[in-house]
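As structure tokens, the structure follows; a few thoughts come after it.
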Amino acid sequence: MNHAVSPLSTEEWIIDLFRSRAAAQGGVVRRKRRDIERYVGMEEFKQELYRRGYQAVENAGQVVIFCNQEPIQRI
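The numbering of the sequence shown is the UniProt record's numbering, which starts it at 1 and goes up by one.
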């Protein structure tokens, strides 16, 4: 299901996000909440995070995705 005009389908957008070098190496990636809602939908995005065992936090409209299963410690 496409939520907005995008050259990528919902599935392709998710695949593209998690194929980034940082994600593939278990690092951190950042996306605007607006883009996640526009291209994927927040509920579907949350389901994908859960499926992968990843976590994310949001601040000031930015979503920071931890592409690993390590615990997050707030400093």
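Here a beta-carbon is modelled for each residue, glycine too, at the ideal position from N, C-alpha and C.
Check: When the Cα of R31 is compared with those of E11, E12, Q47 and L17, which residue comes out closest?
Finding: Position 31 of the sequence shown, counting from 1, holds the residue named residue 31. The candidate whose alpha carbon is nearest that of R31 is L17.
Item checked: Alpha carbon of A56 to alpha carbon of R38, nearest angstrom -> For the purposes of this step, residue 56 is taken as residue 56 along the sequence shown, with counting starting at 1. For the purposes of this step, residue 38 is taken as residue 38 along the sequence shown, with counting starting at 1. Those two C-alpha atoms are separated by around 18 Å.
Notebook entry, point to check: What runs of the beta strand (DSSP E), each 3 residues or longer, lie entirely inside the segment 26 to 74?
Noted result: 28 to 32, 55 to 59 and 62 to 66
Next item on the list: Run the CB neighbour count on V63, radius 10 Å, all protein chains shown included, and call it buried at 16 or more, exposed below.
Entry: Sequence index remark: in the sequence shown, residue 63 carries index 63 (1-based). Buried.
Notebook entry, point to check: Can you name the start and end residues of the alpha helix (DSSP H) that L8 belongs to?
Noted result: Taking the first residue of the sequence shown as 1, we reach residue 8 at position 8. Element bounds for L8: n/a, residue is neither H nor E.
Next item on the list: Could you please give the first and the last residue of the uninterrupted alpha helix (DSSP H) stretch that includes R21?
Entry: Against the sequence shown, residue 21 aligns to sequence position 21. Looking at the DSSP string, the run of the alpha helix (DSSP H) that includes R21 is R21 to A24.
Check: Should I65 and V40 be called a contact, given that it needs their Cβ atoms to be closer than 8 Å?
Finding: For the purposes of this step, residue 65 is taken as the residue at position 65 of the sequence shown. For the purposes of this step, residue 40 is taken as the residue at position 40 of the sequence shown. Taking 8 Å as the Cβ cut-off, I65 and V40 do not qualify as a contacting pair.
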